[in-house]
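Here the structure comes first, spelled out in structure tokens, and everything after it is commentary.
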Amino acid sequence: MIKKIRVDELEVGMFIEDLNVPWMDHPFLSNRRRIKCTKDIDILVEHRIQEVLINTELGRDTGKGQPIEQAESEAKDRLNRDVLSPPPAPPEEPAHDALEHAPLTDSTPFEEEVRKARTVYGQAKNLVKDLLTDARMGKSVDGERAARVVDDMVDSIFRNHDALASLSRLKNFDDYTFNHSVNVSVLALTLGRHLGIVKGELKRLGVGAILHDVGKMRVPEAVLNKPGRLTEEEFEVMKTHSLHGAKILLETKDVPDECAAVALNHHERFDGRGYPRGLQGLSIGKFGLISAVADVYDAVTSDRVYHKGMPTHQALQKMYEWAKTDFYPIYVQKFIQCIGIYPIGSVVRLDTGEVGVVCRQNHDQLLRPCVRVVFDADGARLAASVEVDLRELDEHGEKPFARTVVSTLEAAAAGVDPEAVLVRETPAQAA
Ligand SMILES: [Fe+2]
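So in the working numbering, spot 231 of the sequence shown is number 231, and the numbers just go up one at a time.
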């Protein structure tokens, strides 16, 4: 029998059939789970889940709650399909379940960390420029310097997990190669922290990720910088960059061998269609699987000479579709949970007509981040941005929430400089 009960009525041994909320609003791999200990219940409370459906055939029964028809439960399930379709069934060997990890706590507020993060991002970009140039000229790569810079990146992400990641969105589009290398590293580290990977291992992931495309320095420039589509032969040459990259990293002093796994495996795909080895599933390894997500996300959201970058929420939706074939589905789900549906720095139009910049995630409600409003409902630019939380309820009771995102806008076209709004301005107190 399926019963709907309040979270405070849950007991150890019960089987949750449905968490009764969209999957984006909870940290678990799946809606269905057994309550193994009281900590499992505490996590539900922390995520403000109020009522759940339990299955009394699969777990302990209770005198409380009300039985509900199977049909209603199925209808509820359908309702749970929010902006994105639900996650595919988790593979047989889930590597990371949020239940095992404490929720992330940041020691430094975003506004404070983002200033330091800018310096770290700048250092990382200079590092990549120098190291790729060295590799191009056949010189050895300075592994010790790479480790130092990545140490600073990891420290920044541990102080605040949003700050450095927000800068990966505020990229300027002139030096794609350098920005892309830094962004892949930032995004891989951000996802890695969210997955609960320990610092030492994260640093190896970061070094590998920042140099994941170093093998491209062995690809002839005519192929590497060809503006149009590559021919089949040229693509075969391009594909050698994974092996070249792994070789360069293995030969580099002060770079642990594990880092080479990122260069080697970042183009492997979950279903085995990738290269160079056509590895399948979890045999691609954690570093390869994480960097594939970060690499594709940054590539499809970036403007290039020959194509315009996708808006982030659209890119995430696409990646969600591709998760069935290309990526480890759990990592895509976790990635969306950690960077948000509307990542920091996104320019959004609200249902009030106001336009603003997403400045903070609400990890309990990914569709309702905090926004710094820059243009008021009449389109007039505010003297100073005003911060609003989209979780605020509508005080007139005409609609559930005071403000809701209706669309994302291209920053330049909207006349907004997200970096200026996030980094340089101090917002006025919310009205
Ligand atoms: Fe690559």
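We put the beta carbon where it would ideally sit given N, CA and C, even for glycine.
- Message: Are there any heavy atoms of ligand 1 lying less than 7 angstroms away from the beta-carbon of Asp326, as far as the coordinates show?
- Response: Start at 1 with the first residue of the sequence shown, and residue 326 comes out as number 326. No, Cβ of Asp326 sits at least 7 angstroms from all heavy atoms of ligand 1.
Which word fits Cys37, buried or exposed, when buried means at least 16 other C-beta atoms lie within 10 angstroms of its C-beta? Position 37 of the sequence shown, counting from 1, holds the residue named residue 37. Residue environment: Cys37 is assigned as exposed (fewer than 16 neighbouring CB atoms within 10 Å of its CB, all protein chains considered).
Please find out if some non-hydrogen atom of ligand 1 comes closer than 7 angstroms to the beta-carbon of His241.
Translated into the one-based positions of the sequence shown, residue 241 becomes position 241. Proximity of the beta carbon of His241 to ligand 1 is indicated: a heavy atom of the ligand is located closer than 7 angstroms.
**Nonlocal neighbours in the same chain, by C-beta distance under 6 angstroms from His241, ignoring five residues either side** = Walking along the sequence shown from the start, residue 241 turns up at place 241. Answer for His241: Gly215, Lys216 and Val219, listed in chain order.
For Ile5, which three-state DSSP category applies? Residue 5 sits at position 5 when you count from the first residue of the sequence shown. In this structure, DSSP gives Ile5 an extended state, which the three-state scheme calls strand.
Got a sec: does ligand 1 put a non-hydrogen atom nearer than 7 angstroms to the Cβ of His313? Taking the first residue of the sequence shown as 1, we reach residue 313 at position 313. No, Cβ of His313 sits at least 7 angstroms from all heavy atoms of ligand 1.
Going by the CB atoms, is the gap between Glu11 and Arg432 shorter than 8 angstroms?
Outside the displayed range of the chain (1 to 431) lies residue 432, so it cannot be described from this structure.
**Prompt:** Do Cys359 and Ile339 have their C-beta atoms closer together than 8 angstroms?
**Reply:** Position 359 of the sequence shown, counting from 1, holds the residue named residue 359. Position 339 of the sequence shown, counting from 1, holds the residue named residue 339. When the beta-carbon positions are compared, Cys359 and Ile339 stay at least 8 angstroms from each other.
- How long is the line joining the alpha carbons of Leu367 and Tyr342, rounded to whole angstroms? By one-based count along the sequence shown, residue 367 stands at place 367. By one-based count along the sequence shown, residue 342 stands at place 342. For Leu367 and Tyr342, the distance between alpha carbons rounds to 7 angstroms.
| said: When you compare the stretch 302-322 with the stretch 376-387, are there three or more beta-carbon pairs, one atom per stretch, that lie closer than 8 angstroms? | reply: The stretch 376-387 and the stretch 302-322 do not touch, with fewer than three beta-carbon pairs separated by less than 8 angstroms.
Can you check whether the CB of Ile210 is closer than 8 angstroms to the CB of Ala146? The residue given as residue 146 occupies position 146 in the sequence shown. The residue given as residue 210 occupies position 210 in the sequence shown. Judged by beta-carbon spacing, Ile210 lies within the 8 angstroms limit of Ala146, meaning their Cβ atoms are closer than that value.
*Element boundaries [beta strand (DSSP E), containing Gly432]*: Not covered by the structure: residue 432. The range shown for the chain is 1 to 431.
| query | Expressed to the nearest angstrom, what Euclidean distance is found between the alpha-carbon atoms of Glu234 and Lys318? | reply | The count along the sequence shown starts at 1 and reaches residue 234 at position 234. The count along the sequence shown starts at 1 and reaches residue 318 at position 318. One C-alpha to the other measures close to 27 angstroms.
Exercise. For Asp440, which three-state DSSP category applies?
Worked result: Because the chain spans 1 through 431 in this model, residue 440 falls outside it and cannot be assessed.
Query - Proximity to Ile54 [Cα-Cα], best of Leu316, Gln123, Met1 and Asp106 - result: Looking up residue 54 in the sequence shown gives position 54. Ile54 has its Cα closest to that of Met1, out of Leu316, Gln123, Met1 and Asp106.
Touching by the beta-carbon criterion (3+ pairs, under 8 angstroms), the stretch 117-134 and the stretch 149-164: Counting Cβ pairs under 8 angstroms, three or more are found: they touch.
Here's the rule I'm using: 16 or more other beta-carbon atoms within 10 Å means buried, otherwise exposed. How should Gly228 be labelled?
Mapped onto the sequence shown, residue 228 falls at position 228. Gly228 is exposed by the Cβ-count criterion.
- Along the alpha helix (DSSP H) that carries Asn265, what are the first and last residues, could you check? Locating residue 265 in the sequence shown gives position 265, where the first residue counts as 1. Boundaries of the alpha helix (DSSP H) around Asn265: Ala260 to Asn265.
### Task
Could you round the C-beta distance between Lys4 and Gly65 to whole angstroms and report it? I think they count as a contact, below 8 angstroms.
Numbered from its first residue, the sequence shown carries residue 4 at position 4. Numbered from its first residue, the sequence shown carries residue 65 at position 65. Rounded to whole angstroms, the Cβ separation of Lys4 and Gly65 is 6 angstroms, and the two are in contact under 8 angstroms.
(message) Going by DSSP, what residue range makes up the beta strand (DSSP E) through Gln66?
(response) To locate residue 66, count along the sequence shown from 1; it is residue 66. Looking at the DSSP string, the run of the beta strand (DSSP E) that includes Gln66 is Gln66 to Ile68.
Review point. Is the closest heavy atom of ligand 1 to the C-beta of Asp213 under 7 angstroms?
Key: Position 213 of the sequence shown holds residue 213. Flag set: Cβ of Asp213 near ligand 1.
Using C-beta distances below 8 angstroms, list every residue in its chain close to Lys203, excluding the 5 sequence neighbours before and after it, in chain order. On the sequence shown, position 203 is the one that residue 203 refers to. Residues Ala147, Val150, Asp151 and Val154 of the same chain have their beta carbon placed closer than 8 angstroms to that of Lys203, with the five preceding and five following residues left out of the count.
Please identify the residue among Val21, Asn265, Leu187 and His47 whose C-alpha is closest to the C-alpha of Asn364. The residue labelled residue 364 in the question sits at position 364 within the sequence shown. What sits at residue 364 in the sequence shown is Asp, not Asn. Selected option, being the one with the closest Cα: His47.
* Along the chain, where does the beta strand (DSSP E) that runs through Glu387 open and close? -> In the sequence shown, residue 387 corresponds to position 387, counting from 1. Unbroken beta strand (DSSP E) run through Glu387: Arg381 to Asp389.
- Item | Uninterrupted beta strand (DSSP E) stretches inside the stretch 268-317 (no shorter than 3 residues) | Runs found: none.
| said: What does the Cβ neighbour count give for Pro400, buried or exposed, with the cut at 16 atoms within 10 Å? | reply: As a working note, residue 400 is residue 400 in the sequence shown. Residue burial is scored here from C-beta neighbours: Pro400 has fewer than 16 other C-beta atoms within 10 angstroms and is therefore classed as exposed.
- Beta carbon of Val347 nearer than 8 angstroms to that of Ala402: As a working mapping, residue 347 is identified with position 347 in the sequence shown. As a working mapping, residue 402 is identified with position 402 in the sequence shown. Not in contact: Val347 and Ala402 (Cβ atoms no closer than 8 angstroms).
Once you ignore the five residues that flank Val332 on each side, which residues in its own chain have a CB closer than 7 angstroms to its CB? As a position in the sequence shown, residue 332 is number 332, starting the count at 1. Excluding residues within five positions, the ones whose Cβ falls inside 7 angstroms are Val293, Met319, Tyr320 and Ala323.
_Check for me: the beta strand (DSSP E) holding Leu350 runs from which residue to which?_
In the sequence shown, the residue the question calls residue 350 occupies position 350. Its beta strand (DSSP E) spans residues Val347 to Leu350.
_Contact the stretch 127-140 vs the stretch 256-266: 3+ CB pairs below 8 angstroms_ = No: fewer than three Cβ pairs fall under 8 angstroms.
Please indicate yes or no: does the CB of His266 lie closer than 7 angstroms to some heavy atom of ligand 2? For the structure depicted, ligand 2 is absent and the ligand set comprises only ligand 1.
Coarse secondary structure for Phe327, derived from DSSP in three states: Taking the first residue of the sequence shown as 1, we reach residue 327 at position 327. Under the three-state reduction of DSSP, Phe327 is assigned to coil, being neither helix nor strand.
Report whether the distance from the Cβ of Asp295 to the nearest heavy atom of ligand 1 is below 7 angstroms.
Locating residue 295 in the sequence shown gives position 295, counting from the first residue. Result yes, Cβ under 7 angstroms from ligand 1.
Helix, strand or coil: which one does DSSP assign to Thr38? Start at 1 with the first residue of the sequence shown, and residue 38 comes out as number 38. Looking at Thr38 - three-state DSSP - the assignment turns out to be helix.
Q.
At the level of alpha carbons, what is the spacing between Asp77 and Arg32?
A. For the purposes of this step, residue 77 is taken as the residue at position 77 of the sequence shown. For the purposes of this step, residue 32 is taken as the residue at position 32 of the sequence shown. Legend: pLDDT at Asp77 = 46, less than 50; position of this residue unreliable, value from coordinates given subsequently. When rounded, the distance between both Cα atoms is 11 angstroms.
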